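Residue numbers (the numbering used here): 1 to 108. Just so it is clear, CB atoms sit at the ideal spot from N, CA and C, and this is done for glycine as well. Since the structure is predicted, the reported quantities are computational estimates derived from the model, not experimental observations.
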């Protein structure tokens with residue numbers, strides 16, 4: 001079964017953190033595949049990065065995704081990460097980004 005969350009960027013911010021605190025589960029323990037889509041960027045783009053297990057450094061996964069593109073990680077390699085970071089670039093006037101994150105376990 002997939003888990004879905006919609007997370008809104010905090011007022012004035014340009015980053016959304018997705019981890020156990022706002023998911024209710026840790027991706028490393030269960031739902032490792034993900035799909036991220038974002039809307040209301042006002043013409044801007046977004047970048048998806050991740051924190052590997054037990055690491056504090058951030059690794060860029062997909063840069064400059066457009067609002068009409070989804071970033072998906074579903075591979076045959078067992079990819080282990082503890083959290084995702086979505087950053088927004090060149091947001092248009094009045095932009096109000098919302099991140100739609102769907103997670104599911106291997107094998108679905």
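Tell me the DSSP bridge mates of residue i?
i: residue 64; result: Answer is none; residue 64 lacks a bridge partner.
i: residue 52; result: 81
i: residue 87; result: 15 and 47
i: residue 37; result: 100
Under 6 Å Cβ to Cβ from residue i, same chain only, skipping five residues before and after it: list those, please.
i: residue 109; result: The chain is shown from 1 up to 108; residue 109 falls before or after that span and cannot be answered.
i: residue 80; result: 28 and 53
i: residue 19; result: 83
Cβ of residue i within 7 Å of Cβ of residue j?
i: residue 31; j: residue 3; result: yes
i: residue 46; j: residue 103; result: no
i: residue 95; j: residue 42; result: yes
Below 8 Å CB to CB, which residues in the same chain sit around residue i once its five sequence neighbours on both sides are set aside?
i: residue 98; result: 6, 7, 8, 9, 38, 39 and 40
Can you list, in chain order, the residues of its chain with a C-beta nearer than 7 Å to that of residue i? Leave out the 5 residues immediately preceding and following it.
i: residue 74; result: 33
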